[in-house]
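Chemist: Chains as they are written, first to last, in my numbering: chain A, 16 to 307; chain B, -9 to 146; chain C, 5 to 755. All residues carry an ideal CB built from backbone N, CA and C; glycine is no exception. In this text the structure is predicted, and so the values were computed from the model without any measurement.
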Amino acid sequence: MRDFSYIAATTIPEAVALLDEKGESARILAGGTDLIVQVREARRDVDWMIDIKSIPEVNVLDYNADSGLTLGAAVECYKIYADDAICDAYPSLIDATTIIGGTAIQGRAGVGGNLCNASPAADGIPPLIVLNATCVIAGPNGEREVPAEDFCTAPGQTVLEKGEMLVSMKIPAPASNSSSYYLRFIPRNEMDIAVVGAGASVTLDAAKQTIVSARIALAAVAPTPLFAEAASARLAGREVSDEAIDAAAEAAQAIARPISDMRGTAEQRTHLVGVLTRRALNGAIQRVRDAT
Amino acid sequence: MARRSHVQTTINGETVEFLCEPRQSLLEVLRDELHLTGAKEGCNNGNCGACSVILDGRLVNACLVLGVETEGKSVETIEGLAEPDKLHPIQDAFLENAALQCGICTPGFIMSAKALLDENPNPTEHEVRYWLAGNLCRCTGYDKIVRAVLDAASAE
Amino acid sequence: MLENKEYKVIGTRPIRHDGVDKVTGRALYGADFQAAGLLHGRVLRSPHAHARIISIDTSRAEALPGVKGVVTAKDLPDPGDKIADLGEGAVNLKHLCDNILASDKVLYKGHAVAAVAATNPHIAEEACTLIDVEYEVLPPVLEVRQAMEPDAPLLHEHLRTTSLGETADEPSNVASHIQHKLGDPEKGFAEADVIIEREFVTGTVHQGYIEPHNATAHYNQDGQLTIWCSTQGAFTVREQVAEILQYPISKIKVVPMEIGGGFGGKISVYIKPVAALLAKKTGKPVKVLMNRADVFEGTGPTPASFIRVKMGATKEGKITAAEAYLAFEAGAYPGSPVGPGAMCIFAPYSIENVIIDGYDVVVNKPKTAPYRAPGAPNAAFGSETVVDEIAEKLGIDPLEIRLLNGAKEGDRRADGPVHPRIGCIETVEAAKAHPHYTAPNGKKHHGRGVASGYWFNIGLESSVTINVNSDGTINLIEGSTDIGGTRASIAMQAAEVLGISAESVNPSVVDTESVGYTAVTGGSRTTYATGYAAYEAAQDVKRQMIARAAKLWEVEEANVQFADGEFSSINGKEEQISFRDLCARLGETGGPIVGSGTVNPGGAGGAYATHVVDVAVDEETGKVDILRYTAVQDAGKAIHPSYVEGQIQGGAVQGIGWALNEEYIYNAEGEMTNASFLDYRMPTCLDLPMIDAVIVEVPNPGHPYGVRGVGEVPIVPPMAAIANAIYDAIGVRMTELPMSPDRLLKAMGKI
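1. I need the DSSP call for PHE242 (chain A), collapsed to helix, strand or coil.
2. Compute the distance between the beta-carbons of ALA351 (chain C) and ARG417 (chain C), then report whether it is under 7 Å.
3. Can you check DSSP and say which residues form a bridge with GLN(-2) (chain B)?
4. Comparing alpha-carbon positions, which option in C:THR739, C:PRO175, C:PRO341 lies nearest GLY379 (chain C)?
5. Does any C-beta atom of chain C lie closer than 7 Å to the C-beta of PHE200 (chain A)?
6. Can you tell me where the beta strand (DSSP E) holding MET64 (chain A) begins and where it ends?
7. With a CB to CB cut of under 6 Å and the five nearest residues on each side skipped, what residues in its chain are close to ASN129 (chain A)?
8. In chain A, which residues lie with their C-beta within 7 Å of the C-beta of ASP691 (chain C)?
9. Give the list of continuous alpha helix (DSSP H) stretches no shorter than 4 residues that lie fully inside the stretch 492 to 569 of chain C.
10. Is ALA80 (chain A) buried or exposed, if buried means 16 or more other CB atoms sit within 10 Å of its CB?
11. Please list the partners that GLY207 (chain C) has in chain B, where partner means a Cβ-to-Cβ separation under 7 Å.
12. Just list the residues that DSSP pairs ALA41 (chain A) with in beta bridges.
13. Looking only at C-alpha atoms, which of C:ASP364, C:LYS369, C:SER387 sits nearest to ILE355 (chain C)?
14. Please tell me whether HIS615 (chain C) and ALA725 (chain C) are closer than 7 Å, where the distance is taken between their beta carbons.
15. Less than 6 Å separating the Cβ of ILE44 (chain B) from some heavy atom of the ligand FMN?
16. Using a Cβ-Cβ cut-off of less than 8 Å, list which residues of the stretch 83 to 103 of chain B approach chain C; keep chain order.
17. According to DSSP, what are the bridge partners of PHE19 (chain A)?
18. Could you tell me the boundaries of the beta strand (DSSP E) in which CYS95 (chain B) lies?
19. Would ASP475 (chain C) count as contacting chain A if we go by Cβ distances under 7 Å?
20. Which two residues bound the contiguous beta strand (DSSP E) that contains LYS185 (chain A)?
21. Between TYR112 (chain C) and VAL698 (chain C), what straight-line distance do the alpha-carbon atoms span, to the nearest angstrom?
22. What residues of chain C sit near LYS134 (chain B), judged by a beta carbon separation below 9 Å?
23. Since I believe CYS233 (chain C) is in contact with LEU246 (chain C) (beta carbons under 8 Å), could you give me their beta-carbon distance rounded to a whole number of angstroms?
24. I want to verify the contact list: residues of chain C whose CB lies under 7 Å from the CB of ASP207 (chain A), in sequence order.
25. How far does the beta strand (DSSP E) with CYS53 (chain B) in it reach, from first residue to last?
26. Is the separation between the beta-carbon of ALA266 (chain A) and that of ARG249 (chain A) shorter than 7 Å?
27. Does chain C have any CB closer than 7 Å to the CB of ALA72 (chain B)?
28. Taking 7 Å as the cut-off, decide whether the C-beta atoms of ALA611 (chain C) and GLY713 (chain C) are in contact.
29. Looking at the structure shown, is GLN211 (chain C) part of a helix, part of a strand, or coil, going by DSSP?
30. Anything in chain C within Cβ reach of THR292 (chain A), meaning under 8 Å, just list it in chain order.
31. Between the stretch 453 to 460 of chain C and the stretch 124 to 131 of chain B, do three or more beta carbon pairs fall short of 8 Å?
32. Under the rule that 16 or more other beta-carbon atoms within 10 Å means buried, what is CYS92 (chain A), buried or exposed?
33. Taking all protein chains shown into account, decide if ARG547 (chain C) is buried (16 or more other Cβ within 10 angstroms of its Cβ) or exposed.
34. Would you report the Cα separation of PHE37 (chain C) and ILE60 (chain C), rounded to the nearest angstrom?
35. Any beta-carbon of chain B closer than 7 Å to the one on ASP618 (chain C)?
36. Closest to PHE166 (chain A) by CA distance: which of A:LEU198, A:LEU76, A:TYR196, A:GLY127 is it?
Structural data, given as structure tokens:
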């Protein structure tokens, strides 16, 4: 493994200053479950690992039924799904955090790291997109916010500029009669990278018959996780029906531009986008209807 | 070469000091520096669980933790599980159920099972299988391992 | 025939002797070995699947601080044209050496080309990146049928096909062609009312042991070489290293550490001779470890294959003829397991007219190695699927057709041997009577499948020494590395002879200087053959103990008998002494007792298995879930039933992985794109139900307790059983392995 230096930063300004000074050769270390492997396997050149886990702001996990969730960038998966209120409010986030790696990975890995790693197949990102998450970024010029769907720009690439780091993600409080769902297709039942992932959030009317609004997001079918905007828009105002869901699934398939690799073929992925979009939408709708 | 850092941590209840390079994983430190070779390297990328240890009460893959990250933390390894005159109930259950063949994955499975039972003393078969999915065994087909963990749960 | 009688120790389930060390992390595996002054070795591997090596420049690596030595193929002695005899058939020594460190050509991505020893593993790794190798890249040949084409690129310019004793003139990738023939296949097919002929393709799969290969070597100043390593056989490591280094076996000691799985994959040596070369060059102990990618890319998987099977039967279900064409990928050098595949393919059946052709073909993939019943699973995937289709066509229950045609004592296998007492039909009967098979199976997209399998098992040499202790216990010294509980199953056989408990035996696996020659832990031979040697050694102890009792009592040896742990005199004197008490009196009766047993038994006795599986198929995604699995197997006599069940369960699950997801995935350049446990998808416990292992006991007449090897046959039936279950679920016959979701979607016409 390549030689590098390790610094445990204790404040955001300290981390930002280090990132700004070291530039491309520095990388934030949070859970490390992707980064350490990438450096070990010479897939990423890093001279400085800046450990942010001692910085209070990145460890915030705060949910309030009015203001929503603040999810610090270094909060590990297990802490998210250990919180009953978060489980109730954002089930798609729980769907994802309980399938990222195995138990031991979930003890270290977090959604923030999943986002910054910017894998097209990241399970953590579609839930952020469908839940309307905003990414809070700190940098040399202060803070800025970016919608989750705009955060990743290419495989392994993000909107983070020199000196910038992700601090937290903010997710609005769920509307009434809403819920969300994330699922992926993998050949095994755990421990695989998504062949395709699909997330959906829906808000129904009071009678739980009509879709007020919906958001659909896809993983592993494009260079970045995708917000299926047109497919989502098609559902607004429509009565819940197989036809409506099929139409949304078709629209989602239309934006998929998958590749063939060792995890799946392009044809298989396009086919699965339809299947998983339907299942995600039906899953989210069922959750709304099951809620008392 | 980056200088070796001094790290003080707690391993199996004892304060331990060691020197390590930043690029040395906790697994390398345990095995090569401290000669605690119970945690094994099967894949070195978090996909086999043979290096499972408990870090500040949480199950982790020691290959995905840097040694320097353990400063001030507490590490539990397979070597610390048994009492001097008595095995841990999970260890007994593995022996009684013949839940190991070659044994290379066994320390990882036992640490993983311990973390499970600490959190959920009465897991269902599905919960056991879900929790242990990050631990690969190639010999047993898992049948006897799952039974051993269920047995240990009911024995505790 | 042996009685399946009651025993005191055999058939019980004691705690294994090495158990405590293995659940406490104290057991020392190969990578755990430590030594003062230890250097760390790392191997540089080819990035190309097929290339000529133009030059290797190691100077930049040698200049890196911390680097203590670099070796290449030039450091190996010239193998010349020698044919090495490694006890398991002749091997071309140049091929063996070239697979350790490539000399003129690299033949697969991951092929070793150089190695470095340095003061820490990270420096060794960095030094590898500083070795400059110039390659002339050649087109790779990645598939067996492609490699057999007359205009295919050649891996070895000197390789000529050997076909039925004749050697061809032209070079070819086909190393050999074998044929077995029985009766008159043409006549047999003419008598058939239904004939099914199908083609099958299977992927390259790896044993997937969790412990990577490892070796530490050290040369003493007197030239004594010691190697500490994980291996299935310390003696075969000694032989292979001796051949490759052209060094006398008497100067080589191999110390087998605990081994973290092998399944056939830890018989061939890879880094052991490299560690020795580095140790020689540096004068220090050198530890070489593989990482997981090295294991996938640089060690032997089991081959991909192309198989055609044709079988005919009368409308009553009698199989009249069978024909098979087996083309196996050997990998970079000749030596695929097409031979065993051809021996096993129709062995569950009594068929009068058979013809089997087998081809051993080199391709640009790692040299294949044994993997659990090597060759037989590929073959059975074809034959057991065709048998299922015949049964379906004829409207006969698939287990019924196996009963109707089941192999039995006196039947001749197509390759010659006549079956002794075997348990083929008994496994089918037990499967048929099992509650799993009689349970309803009607849900939509759920299906049930069955398949049988055969593995011949082997005997070979084993040695055991027993030292008797004064407290009535014994130390049992053996040379079979313990991969799955064989210390216990061997110790129990000695305990049974001596009327003592399993716990009164202290078994040790020792190095090549401390026990007689013992062949590998492989071929399902260890509990059978080393157990047999333990039985003989215990008999030797018993004879000597009888002599001591006779001396003590001043009677003839013939007048001392031993039963239930007690020696007693017959004919006159009323004397009695327990085994334990007599052990305390060895000093006064002539000194210590050491018993020994050596065997090379010929009666291994074949093993049969019949599996039943229920699956659910997700028609939208093509994913197959295993709902229920029952594996029936003839163990002859289960010495330690828990570990017999463990072998059955583990083998079945490796078969499930092979059936559903495991395969080497290659790109067009011949690079494996999934060389990690992330993407080489072995089953996790969440992918499986409990595996119901059912032991049938038809004692093997070739062993004193009736033991048959049990380790290998359980991997033979799963692929076909699952294929047959998928057909039952969705009406689609899968003929390609693995039956992964994308292949199912294609087969169902969904993509």
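Modeler: Taking the coordinates as given:
1. Sequence index remark: in the first sequence, residue 242 (chain A) carries index 227 (1-based). Reduced to three states, the DSSP call for PHE242 (chain A) is strand.
2. Counting from one through the third sequence, the residue named residue 351 (chain C) turns up at place 347. Counting from one through the third sequence, the residue named residue 417 (chain C) turns up at place 413. Yes. Within cutoff.
3. For the purposes of this step, residue -2 (chain B) is identified with residue 8 of the second sequence, where counting begins at 1. For GLN(-2) (chain B), which the question treats as bridged, DSSP gives the partners B:GLU7.
4. Here residue 379 (chain C) corresponds to residue number 375 of the third sequence, with the count starting at 1. Ranking C:THR739, C:PRO175, C:PRO341 by Cα distance to GLY379 (chain C) puts C:PRO341 first.
5. The residue given as residue 200 (chain A) occupies position 185 in the first sequence. PHE200 (chain A) counts as touching chain C.
6. For the purposes of this step, residue 64 (chain A) is taken as the residue at position 49 of the first sequence. 63 to 66 is the extent of the beta strand (DSSP E) around MET64 (chain A).
7. Counted from its first residue, the first sequence places residue 129 (chain A) at position 114. The answer, listed in chain order, is ALA137, GLY139.
8. Here residue 691 (chain C) is taken as the residue at index 687 of the third sequence, counted from 1. What ASP691 (chain C) touches in chain A: ARG203, ASN204.
9. 535 to 557
10. Stepping through the first sequence from its first residue, residue 80 (chain A) is reached at position 65. Flag for ALA80 (chain A) reads exposed.
11. Counting from 1 along the third sequence, the entry for residue 207 (chain C) is found at position 203. None at all; the shortest Cβ gap to chain B is about 18 Å.
12. Sequence index remark: in the first sequence, residue 41 (chain A) carries index 26 (1-based). Its beta-bridge partners are A:TRP63.
13. As a first step, residue 355 (chain C) is located in the third sequence; it is residue number 351 there, counting from the start. Out of C:ASP364, C:LYS369, C:SER387, C:SER387 has the C-alpha closest to the C-alpha of ILE355 (chain C).
14. Position 611 of the third sequence, counting from 1, holds the residue named residue 615 (chain C). Position 721 of the third sequence, counting from 1, holds the residue named residue 725 (chain C). Yes, Cβ-Cβ distance for HIS615 (chain C) and ALA725 (chain C) is below 7 Å.
15. Among the components of this structure there are no ligands whatsoever, and the ligand FMN is therefore not found.
16. PHE84, LEU85, GLU86, ASN87, ALA88, LEU90, GLN91, CYS92, GLY93, ILE94, CYS95, THR96, PRO97, ILE100
17. Stepping through the first sequence from its first residue, residue 19 (chain A) is reached at position 4. Looking at the DSSP assignment, PHE19 (chain A) forms no beta bridge with any residue, so it has no partner.
18. The count along the second sequence starts at 1 and reaches residue 95 (chain B) at position 105. No beta strand (DSSP E) holds CYS95 (chain B); DSSP gives it neither H nor E.
19. Translated into positions along the third sequence, residue 475 (chain C) becomes position 471. Chain A contact via Cβ: absent.
20. Residue mapping note: residue 185 (chain A) aligns to position 170 of the first sequence, counting from 1. Start and end: 180 to 186.
21. Counting from one through the third sequence, the residue named residue 112 (chain C) turns up at place 108. Counting from one through the third sequence, the residue named residue 698 (chain C) turns up at place 694. Cα-Cα distance, rounded: 41 Å.
22. The sequence position of residue 134 (chain B) within the second sequence is 144, counting from 1. Chain C residues near LYS134 (chain B): SER646, GLU649, GLY650, GLN653.
23. Here residue 246 (chain C) refers to the residue found at position 242 when the third sequence is read from its first residue. Here residue 233 (chain C) refers to the residue found at position 229 when the third sequence is read from its first residue. Note on residue identity: the sequence assigns Ala, not Leu, to residue 246 (chain C). That pair is no contact at about 15 Å.
24. Stepping through the first sequence from its first residue, residue 207 (chain A) is reached at position 192. Within 7 Å Cβ-Cβ: ARG685.
25. Counting from one through the second sequence, the residue named residue 53 (chain B) turns up at place 63. Counting along the chain, CYS53 (chain B) falls outside any beta strand (DSSP E), and DSSP gives it neither H nor E.
26. For this step, residue 266 (chain A) is matched to residue 251 along the first sequence. For this step, residue 249 (chain A) is matched to residue 234 along the first sequence. Yes; because the gap between Cβ atoms is below 7 Å, this pair is in contact.
27. As a working note, residue 72 (chain B) is residue 82 in the second sequence. ALA72 (chain B) counts as touching chain C.
28. Position 607 of the third sequence, counted from the start, is the residue given in the question as residue 611 (chain C). Position 709 of the third sequence, counted from the start, is the residue given in the question as residue 713 (chain C). Their beta carbons are under 7 Å apart, which means ALA611 (chain C) touches GLY713 (chain C) by this criterion.
29. Along the third sequence, one-based indexing puts residue 211 (chain C) at 207. It is coil, neither helix nor strand.
30. Locating residue 292 (chain A) in the first sequence gives position 277, where the first residue counts as 1. By Cβ distance, chain C contributes nothing, its closest Cβ being about 12 Å from THR292 (chain A), past 8 Å.
31. no
32. The sequence position of residue 92 (chain A) within the first sequence is 77, counting from 1. Buried, since its Cβ has 16 or more Cβ neighbours within 10 Å.
33. As a position in the third sequence, residue 547 (chain C) is number 543, starting the count at 1. Per the 10 Å Cβ criterion, exposed.
34. Locating residue 37 (chain C) in the third sequence gives position 33, counting from the first residue. Locating residue 60 (chain C) in the third sequence gives position 56, counting from the first residue. The straight-line gap from Cα to Cα measures roughly 32 Å.
35. As a position in the third sequence, residue 618 (chain C) is number 614, starting the count at 1. So, not an interface residue.
36. Residue numbering aside, residue 166 (chain A) sits at position 151 when the first sequence is read from its first letter. The candidate whose alpha carbon is nearest that of PHE166 (chain A) is A:GLY127.
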